[in-house]
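One structure is given here, and the rest of the page talks about it.
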Amino acid sequence: MAAGLGRLPPGGARRRRALRRPGLFPVAGAASPGASRACRAGGALRAPRAVAGAGAGTPAGRAGRAGGTAVKFSIVTVCRNAADVIAGAIESVAMQRYPDIEYLVIDGASTDGTREIVQAHARHVDRFVSEPDGGIYAAMNKGLRLARGEVVHFLNADDRLHDPDVLADVAAFLEQTDVDVAYGDILLALPGRSPVRVRYPPVPTRTFLGRRTLCHQALFARRRAFAAAGGFDERFTLVADYAWILRGIFDCRLRYAHLDRVVARVSGDGVSYRSDRLEAERLQAMAGYYSPLEIRLLRTWPRRLAPRLDRARWYLRRLRALLVPGPGGHP
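Here it is, written out as structure tokens:
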């Protein structure tokens with residue numbers, strides 16, 4: 035872990051870029067120096083690109099082409115000592131009606147019977163690895179290295195794909211939009227409460243990402259997204275997925291589109307929902323992309339004012355485009 039994680043030293047964002055370099059933890063066979071340079075050329079402060087016709091995406095039914103399916107999914111579950119929940123995750127993948135799925139379980143040398151449960155479901159698991167690792171993001175990077183599908187999705191051991199048609203709908207949506215990352219909504223199950231649908235915006239704007247995030251259980255990322263942005267930064271223990279989203283959008287200009295349906299039931303009993311360290315790591319991840327003033331505003335402004343901040347930023351960009359001369363002296 036980087037020293038001083040969570041503290042925001044003075045001097046602006048330029049002095050705090052070390053944790054946002056593209057390709058810092060590349061996936062074997064995916065990221066390359068050329069891809070990293072392309073990410074840097076994309077600019078760190080640009081907003082994500084909207085996808086025409088994709089903002090209000092809806093499930094499009096079963097995917098597939100004549101002679102084969104549209105995409106192959108690699109579903110990756112990382113776990114350690116998850117004997118009481120892992121069977122549910124496996125069954126939610128096994129029940130998918132979409133046929134072209136590769137399922138990997140990456141276990142951190144469990145001692146509670148997890149391995150035996152996975153082995154009992156061996157007919158539904160294409161690759162099972164059980165060995166010591168460096169934590170959740172090291173395990174996720176291992177899953178990336180082993181995955182062979184075109185689209186990768188991470189499903190925690192205590193989470194579930196929402197229904198049997200999730201992957202079919204996502205495949206159809208990806209074929210329709212050809213974006214780098216598709217994301218849906220989640221059903222958040224907090225202890226002692228009824229599950230609540232978490233609705234995400236049509237586009238993950240700069241203001242949204244400064245206040246919230248997209249959980250990785252909602253994401254379905256093409257391998258080209260990881261080839262561009264690299265893997266997960268293992269110096270984070272809680273927010274490497276958030277840091278990956280920031281790097282991909284602001285450095286690599288990855289295209290995101292929202293599928294308007296619930297894709298996963300997510301347990302709110304995980305470490306990321308209860309750790310006091312979460313906020314400190316989140317601020318560290320933001321520091322490479324947001325100025326100290328932006329961070330202060332995003333943390334203190336009422337939520338209802340966030341859309342106005344997005345609109346104001348859009349008008350400022352338009353005004354600058356009109357006032358700043360382009361090639362040949364024309365705006």
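For the sequence shown, my numbering gives the first residue as 35, with consecutive numbering after it. Here a beta-carbon is modelled for each residue, glycine too, at the ideal position from N, C-alpha and C.
Item to check | residue 219 - DSSP class collapsed to helix/strand/coil | outcome: Sequence index remark: in the sequence shown, residue 219 carries index 185 (1-based). Correct three-state label for residue 219: strand.
Checklist entry - Would the stretch 200 to 214 and the stretch 146 to 165 be scored as touching if the rule is three or more Cβ pairs under 8 Å? => result no
Next on the checklist: By the DSSP assignment, the alpha helix (DSSP H) with residue 275 in it spans what residues?
Outcome noted: In the sequence shown, the residue the question calls residue 275 occupies position 241. 274 to 280 is the span of the alpha helix (DSSP H), which, as asked, contains residue 275.
Next on the checklist: Can you look up residue 233 in the DSSP assignment and give me helix, strand or coil?
Outcome noted: Here residue 233 refers to the residue found at position 199 when the sequence shown is read from its first residue. It is coil, neither helix nor strand.
Next on the checklist: Runs of 4 residues minimum, wholly inside the stretch 127 to 174: which ones carry the alpha helix (DSSP H) assignment?
Outcome noted: As far as the stretch 127 to 174 is concerned, its whole alpha helix (DSSP H) runs of at least 4 residues are 148 to 154.
Checklist entry - For residue 219, which of 333, 195, 124 has the nearest alpha-carbon? => result Translated into the one-based positions of the sequence shown, residue 219 becomes position 185. Out of 333, 195, 124, 195 has the C-alpha closest to the C-alpha of residue 219.
Checklist entry - Which word fits residue 334, buried or exposed, when buried means at least 16 other C-beta atoms lie within 10 angstroms of its C-beta? => result The residue labelled residue 334 in the question sits at position 300 within the sequence shown. Classification for residue 334: exposed.
Checklist entry - Just the Cα atoms here: how many angstroms apart are residue 287 and residue 281? => result Against the sequence shown, residue 287 aligns to sequence position 253. Against the sequence shown, residue 281 aligns to sequence position 247. Taking the straight line joining both Cα atoms gives about 9 Å.
Checklist entry - Under a three-way DSSP split, which group does residue 248 fall into? => result The count along the sequence shown starts at 1 and reaches residue 248 at position 214. Three-state result, residue 248: coil.
Checklist entry - Among 140, 302, 165, which one has its Cα closest to the Cα of residue 226? => result Here residue 226 corresponds to residue number 192 of the sequence shown, with the count starting at 1. Cα-wise, what sits closest to residue 226 is 302.
Checklist entry - In or out: residue 118 buried (at least 16 other Cβ within 10 Å) or exposed? => result Working through the sequence shown from its first residue, we reach residue 118 at position 84. Residue 118 is exposed by the Cβ-count criterion.
Checklist entry - Roughly how many whole angstroms lie between the Cα atoms of residue 191 and residue 326? => result As a first step, residue 191 must be located in the sequence shown, where it is residue number 157. As a first step, residue 326 must be located in the sequence shown, where it is residue number 292. So the two alpha carbons sit approximately 36 Å from each other.
Item to check | Segment limits, alpha helix (DSSP H) that includes residue 262 | outcome: The count along the sequence shown starts at 1 and reaches residue 262 at position 228. Here the alpha helix (DSSP H) through residue 262 covers 257 to 263.
Checklist entry - Do residue 253 and residue 107 come within 9 Å of each other at the CB atom, strictly closer than that value? => result The residue given as residue 107 occupies position 73 in the sequence shown. The residue given as residue 253 occupies position 219 in the sequence shown. It is not a contact, given that the beta carbons lie outside the stated cut-off.
Item to check | Burial state of residue 297, where buried means 16 or more other Cβ atoms lie within 10 Å | outcome: If you number the sequence shown from 1, residue 297 lands on position 263. Residue 297 comes out buried.
Checklist entry - Is it right to say residue 316 is buried, meaning 16 or more other beta carbons lie within 10 angstroms of its own, or is it exposed? => result Against the sequence shown, residue 316 aligns to sequence position 282. Residue 316 comes out buried.
Item to check | 7 Å Cβ shell around residue 170 - same chain, five flanking residues per side excluded | outcome: Taking the first residue of the sequence shown as 1, we reach residue 170 at position 136. So the list reads 112, once near-sequence residues are dropped.
Next on the checklist: Taking the beta carbon of residue 310 as the centre, do at least 16 other beta carbons fall within 10 Å, making it buried, or is it exposed?
Outcome noted: If you number the sequence shown from 1, residue 310 lands on position 276. So residue 310 counts as exposed.
Checklist entry - Beta carbon of residue 161, beta carbon of residue 138: below 9 Å? => result By one-based count along the sequence shown, residue 161 stands at place 127. By one-based count along the sequence shown, residue 138 stands at place 104. Yes, the Cβ-Cβ distance between residue 161 and residue 138 is below 9 Å.
Checklist entry - According to DSSP, which residues form a beta bridge with residue 270? => result The residue you call residue 270 lines up with position 236 of the sequence shown. In the DSSP secondary-structure assignment, residue 270 is not bridged to any residue.
Checklist entry - Contact between the stretch 164 to 182 and the stretch 263 to 271: three or more CB pairs below 8 Å? => result yes
Next on the checklist: Please tell me whether residue 124 and residue 173 are closer than 9 Å, where the distance is taken between their beta carbons.
Outcome noted: Mapped onto the sequence shown, residue 124 falls at position 90. Mapped onto the sequence shown, residue 173 falls at position 139. In this structure, residue 173 does not lie closer than 9 Å to residue 124 by Cβ.
Checklist entry - Going along the chain, which residues of its own chain have a beta-carbon closer than 7 Å to the beta-carbon of residue 158, five neighbours each way excluded? => result Position 124 of the sequence shown holds residue 158. The answer, listed in chain order, is 124, 127, 128, 137.
Checklist entry - For the alpha helix (DSSP H) that contains residue 206, what are its first and last residues? => result Here the question's residue 206 lines up with position 172 in the sequence shown. Note, residue 206: alpha helix (DSSP H), 200 to 211.
Item to check | Sequence-distant residues of its chain with Cβ nearer than 7 Å to residue 121 (five each side left out) | outcome: The count along the sequence shown starts at 1 and reaches residue 121 at position 87. Taken in chain order, the residues that qualify are 151, 155.
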